[in-house]
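Colleague: First residue of the sequence shown? That's 68 in the working numbering, and the numbers climb one at a time after it.
Each residue gets a CB set at the ideal place from its N, CA and C atoms; glycine is no exception.
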Amino acid sequence: MTAVATHRRASSRRRVSPAARKSRVGTVAVHIAAAVFFVMAIFPVYWMVATSFKLEGDIQRSNPKWLPFPGTVQHFVDALHKPMFWTYARNSMIAAGSTVLISIVIAFLAATAVARFKFYGRRFFLALLITTQMVPLTALAIPLYLSLRSFHLLNQMPGLIMAYAAFVLPFTVWTLRGFIQGIPVDLEEAAMVDGCSRLQAFRRILLPLILPGLIATAVFAFIQAWNDYLFPLVLMQHNDNYTMTVWLASFSTNRGNDFGGLMAASTLFSLPVVVLFMIVQRKVVSGLTAGAVKG
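(1) Looking at C-beta atoms only, is the number of pairs between the segment 128-148 and the segment 254-269 that lie closer than 8 Å three or more?
(2) Can you give, in chain order, each stretch of the alpha helix (DSSP H) that sits fully within the segment 185-219 and has at least 4 residues?
(3) Can you tell me the Cα-Cα spacing of I109 and N294, whole angstroms?
(4) Quick check for students: name the residue ranges of the alpha helix (DSSP H) that lie wholly in the segment 231-256, counting only runs of 4 or more.
(5) With distances taken Cα to Cα, identify the nearest neighbour of W314 among L329, G323 and V301.
(6) Can you list, in chain order, the residues of its chain whose CB lies under 6 Å from that of A331, leaving out five sequence neighbours each side?
(7) State the DSSP-derived secondary structure class of S319, mapped to helix, strand or coil.
(8) So if DSSP puts N324 in a beta bridge, which residue, or which two residues, is it bridged to?
(9) Look at the alpha carbon of Q248 and the alpha carbon of L273, and state the distance between them as a whole number of angstroms.
(10) Who pairs with G138 in a beta bridge, going by DSSP?
(11) So which of C263, I277, L215 and A233 has the shortest CA-CA distance to Q304?
(12) To the nearest angstrom, how far is the alpha carbon of A178 from that of H148?
(13) Thinking just about the alpha-carbon of each residue, which of P339, F298, N306 and V167 is nearest to the one in A206?
(14) Between A180 and F289, which are expected to be in contact by the criterion C-beta below 8 Å, what is the C-beta distance as a whole number of angstroms?
(15) Can the beta-carbon of G280 be found less than 8 Å from the beta-carbon of L227?
(16) Count the other CB atoms within 10 Å of the CB of N308; is the residue buried (16 or more) or exposed (fewer)?
(17) Considering F287, what are the terminal residues of the alpha helix (DSSP H) in which it resides?
(18) For A194, count neighbouring C-beta atoms within 10 Å of its own C-beta (all shown protein chains included) and say buried if the count is 16 or more, exposed if not.
(19) Helix, strand or coil: how does DSSP classify R128 here?
(20) If you follow the alpha helix (DSSP H) that S264 is in, where does it begin and where does it stop?
(21) Near M311, which residues of its chain fall below 7 Å by C-beta distance, leaving aside the five closest residues on each side in sequence?
(22) In angstroms with no decimal places, state the Cα-to-Cα distance between N306 and F318.
Spelled out as structure tokens, the structure:
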């Protein structure tokens, strides 16, 4: 019986079709390509974190040191005690958090109107959203500067928040529109047939269903505002109102670059985004999946 079973297994191996073999080779190739792209994407992050723990003499060696052993946390201590760190961290958090709250509320209402109602100029509005997304950020800096100056909002946090909101609103409206279109309108109509008003159907039906999409969009809006360097540099004129992106540039001076401090500061700068993404990871993934149903 053992010999017969062995013969059958050998025969089944020999009967593997060329199509199945080709499929296996393709699967292996895809996995190898995915692993290569993953290493390429993660290596800069690893090098940043590893460099932040290296001794000063190991950072710019001609023969790179791949592991930060022996290591030090002195670069983090120096970054945390660098002048204005906590002020800039507070400014960044206020600017990014306020931008997310304002843009999500406005974008949700605008996306609902575009996705659920038919009105004159709707297609033009959608085309305008796409067009504004194509405009380079540097091209918006001067018009925003002149507009904020006319309203006496230069060098003030409300002016920076308004600039960020104007920057992220096209993205948030367009993204939330896709999420809302993925929710059948029959659910809201059934709720209104059962006695709900449109506002109640909006609050009890649409809002809970789109919550994962709202969270996913809010995370990306936060990242856009948190990582921006141009707007605080152009719109803010005093050191007290700068954000952490401008603070990172202070590690490069005419006297040289503090690479250890810069890598430690960059690691600290990345932590809020990483922590936020880990907290809402499941909602972000489910929101992105829901948004892929309809565009």
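Modeller: For this structure:
(1) no
(2) Scanning the segment 185-219 for uninterrupted alpha helix (DSSP H) segments of 4 residues or longer gives 189-201 and 204-217, listed from N- to C-terminal end.
(3) 18 Å
(4) none
(5) Cα-wise, what sits closest to W314 is L329.
(6) S119, H142, F143 and A146
(7) Under the three-state reduction of DSSP output, S319 falls in the strand class.
(8) According to DSSP, N324 bridges with S319.
(9) If you draw a straight line from the Cα of Q248 to the Cα of L273, it comes to about 11 Å.
(10) K121
(11) L215
(12) 44 Å
(13) F298
(14) So it is not a contact: roughly 24 Å between Cβ atoms.
(15) no
(16) Buried, because 16 or more other Cβ atoms sit within 10 Å of the Cβ of N308.
(17) L274 to N294
(18) exposed
(19) Note: R128 maps to coil in three-state DSSP.
(20) S264 -> no alpha helix (DSSP H), and no H or E assigned at all.
(21) Y155, A156, S159 and F336
(22) 15 Å
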